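I have placed the structure first, in the form of structure tokens, so that the comments after it can refer back to it.
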Amino acid sequence: MKELDNLVKIQQLKTEPAEAQEFAGMVRAGNAKLKDALIQGLSEDSQFTLAYGAAHALSLAALRWHGYRSDSRYLVFQCLQHTLGLDRAKWRVLDNCHKARNLAEYEGHLDVNPQLLKELIGITKEILVLVNALSPIE
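Throughout the sequence shown, residue numbering follows the numbering used here, covering 7 to 144 in sequence.
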């Protein structure tokens with residue numbers, strides 16, 4: 007992929023062959039976190055944290071499926087337009103979620119916007135469908 011190869015050239019991504027076991031583990035983790043995020047009665051903070059973790063695991067799985075690796079969470083989301091064909095507007099929502107997560111992690115401030123949480127869960131469900139549609143890694 008030209009766009010992803012360009013990120014390799016500027017050392018934002020690394021090439022690394024995809025591994026079936028790693029990919030399957032990331033998908034399992036993302037699926038489990040998404041299911042947990044949907045548990046009734048959880049606080050919005052917990053739902054957000056779980057859904058964000060699911061979105062990241064699944065997005066990283068898509069990147070790994072294509073043979074790339076990134077140490078940057080936000081870049082994993084930005085690559086979704088190339089790895090899964092996700093609309094730019096949707097990965098931008100995930101970027102907003104990343105910023106909210108960073109505020110919580112590094113500054114102790116998480117004020118979950120219910121609409122953002124709803125969008126995060128919806129996009130994560132879509133990513134799960136797209137990742138599950140990828141052919142097996144051999």
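Note that the Cβ used here is the ideal one computed from N, Cα and C, for glycine as well. Here the structure is a predicted model, which is why all the values come from computation and not from measurement.
For residue j and residue i, the rounded distance between their alpha carbons
i	j	result
L10	I45	36 Å
N37	N12	30 Å
L116	L66	24 Å
N138	A63	13 Å
L140	G31	15 Å
R34	E132	15 Å
E111	G59	13 Å
Cβ-based neighbour list, residue i, same chain, cut-off 8 Å, excluding 5 preceding and 5 following
i	result
Q87	D93, R94, W97
D101	Y80, F83, Q84
F29	A67, R70, W71, I143
E50	V118, P120, L123
Same chain only: Cβ atoms within 6 Å of residue i, ignoring 5 sequence neighbours per side
i	result
L69	V82, C85, T89
N- and C-terminal bounds of the alpha helix (DSSP H) containing residue i
i	result
C85	Counting along the chain, C85 falls outside any alpha helix (DSSP H), and DSSP gives it neither H nor E.
E113	94-113
L44	Run containing L44: none; DSSP gives neither H nor E here.
Near the ligand FMN: residue i beta-carbon under 6 Å from a heavy atom
i	result
S76	Of the ligands one can find in the structure shown there are none, so the ligand FMN has no counterpart to examine.
Beta-carbon separation (whole angstroms), residue i vs residue j, contact threshold 8 Å
i	j	result
G73	P142	The pair is not a contact, with the Cβ atoms about 15 Å apart (cut-off 8 Å).
V14	K8	Not really, about 11 Å apart at Cβ, beyond 8 Å.
D42	L56	5 Å
L134	L40	6 Å
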